[in-house]
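First to last, the sequence lines map onto chains A and B. Residues in the first sequence are numbered from 0 upward in steps of one, following numbering that gives the first Met the number 0. Residues in the second sequence are numbered from 0 upward in steps of one, following numbering that gives the first Met the number 0. We treat Cβ as the ideally placed atom computed from N, Cα and C, and that holds for glycine. Since we're looking at a predicted model, the values are computed, not measured. A quick write-up on the structure given underneath.
Number of protein chains: 2
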Amino acid sequence: MLFRQATRADVYEIINLLANDKLGKLREILENPLPDQYYAAFEKIVTDPNQELIVLEDDNGTIIGTMQLSFLQYLTYQGGIRAQIEAVRVREDQRGKGIGERMFLWAIERSKERKAHLIQLTTDKKRPEALKLYEKLGFKASHEGMKLHF
Amino acid sequence: MLFRQATRADVYEIINLLANDKLGKLREILENPLPDQYYAAFEKIVTDPNQELIVLEDDNGTIIGTMQLSFLQYLTYQGGIRAQIEAVRVREDQRGKGIGERMFLWAIERSKERKAHLIQLTTDKKRPEALKLYEKLGFKASHEGMKLHF
């Protein structure tokens, strides 16, 4: 398996993964070709040095996972950097094999390389199975994750 | 009262606000002059077009509040931008006057101007009084906010 930065050629498959999910299917538009706004968003992400859009390939070069890491500079914690994970998906036919855990372990190492002092995420309370994985990895549910949709 | 982008000359007062807090006092180093890493962090924040470090001045030009807004581009939600609020503080002698609420209302409007589709934050479960304010403003505690400190 190979972790690498996503390229423009990966965008369709990433959206396919994002849309193939009980919450994601309500949010995304999976058409071929994709709506332009996905490519516009991709360009903004990959040209931002504080963002990493990651894909995981299996040995055949098939994309089986994706996640986005953001490295956020704050004044808090003596000018610390926080790593944040969002938009994590494992391909449906590859779930239950520990791939999500391998992705998070990779993200933790990557965040240490980038000198983050912590890694954070929010997880929908409607995904209790995900919460268990994060706790196993050492994450503490110390905060409420609050959202206001416009 | 005036909301504006922070300048280098504001950094000491911002750290003073961040440190004057039951959690913040354990995390920050308030010395005069400040440790260099605060200024290095400040430069990274203000040169990043996706970050806004905000201060609130009273009519005398005294800084009475601070917050940091991040505008995060994702592929999810059809290539949407999320606004995120972190490092919010109101000066101790100004608390209980609705200033926090005014800051959040300003942040919500600013996030709409920046074309965000939602605004998010995490709040420490040890701050129950903050949770009530966020719920009043329309935030939903739909997620667990999980942190892993290195």
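- In the three-state reduction of the DSSP assignment, G137 of chain A falls in the coil class.
- Against chain A, the beta carbon of K111 of chain B has neighbours under 7 angstroms at F149, listed in chain order.
- With a threshold of 9 angstroms between beta carbons, T122 of chain A makes contact with chain B.
- Taking V89 of chain B as the centre and dropping the five residues before and after it, the same chain places the C-beta of G64, I98, G99 closer than 6 angstroms to its C-beta, in chain order.
- Of the residues assessed, H148 of chain A falls on the exposed side of the cut-off, its CB having fewer than 16 other CB atoms within 10 angstroms.
- Close partners of Q67 of chain B in chain A (Cβ separation under 8 angstroms): Y73, L74.
- A direct Cα-to-Cα measurement between E112 of chain A and A106 of chain A gives close to 10 angstroms.
- Look at N15 of chain A: its C-beta is not under 9 angstroms from any C-beta on chain B.
- At a beta-carbon threshold of 7 angstroms, the residues of chain B lying near Y133 of chain A are M145, ordered along the chain.
- Fully contained in the region 31-89 of chain B are the following beta strand (DSSP E) runs of length 3 or more, in chain order: 50-56, 62-72, 80-89.
- The Cβ neighbour count for M66 of chain A, taken over all protein chains shown within 10 Å, is at least 16; the residue is labelled buried.
- Under the three-state reduction of DSSP, R3 of chain B is assigned to strand.
- Cα atoms of R101 of chain B and G60 of chain A: separation of roughly 51 angstroms, rounded to the nearest angstrom.
- Rounded to whole angstroms, K114 of chain A and H116 of chain B show a C-alpha spacing of 30 angstroms.
- Pairing E27 of chain B with T121 of chain A gives a Cβ-Cβ distance that is not under 9 angstroms.
- Burial is judged here by how many other beta carbons sit within 10 angstroms of a residue's own beta carbon; R81 of chain A has at least 16 and is buried.
- When secondary structure is reduced to three states using DSSP, D92 of chain A falls in the helix class.
- For D47 of chain B, the closest Cβ of chain A is nearer than 9 angstroms.
- Residue state for K146 of chain B is assigned as strand, using DSSP reduced to three classes.
- In the structure shown, L29 of chain A adopts coil according to DSSP, grouped into three states.
- Look at the region 85-105 of chain B: the residues with a C-beta under 8 angstroms from a C-beta of chain A are E85, A86.
- By the CB criterion at 9 angstroms, G23 of chain A and T6 of chain B fall outside the cutoff.
- Here DSSP, grouped into helix, strand and coil, assigns L132 of chain A to helix.
- By the rule that beta-carbons nearer than 9 angstroms mark a contact, G79 of chain B touches chain A.
- With contacts defined as CB atoms closer than 9 angstroms, I84 of chain B and Q50 of chain B fail to qualify as a contacting pair.
- Contact note: I28 of chain A reaches chain B through Q77, using a C-beta cutoff of 8 angstroms and chain order.
- For A115 of chain B, there is no enclosing alpha helix (DSSP H); the residue is part of the beta strand (DSSP E) that begins and ends at 115-123.
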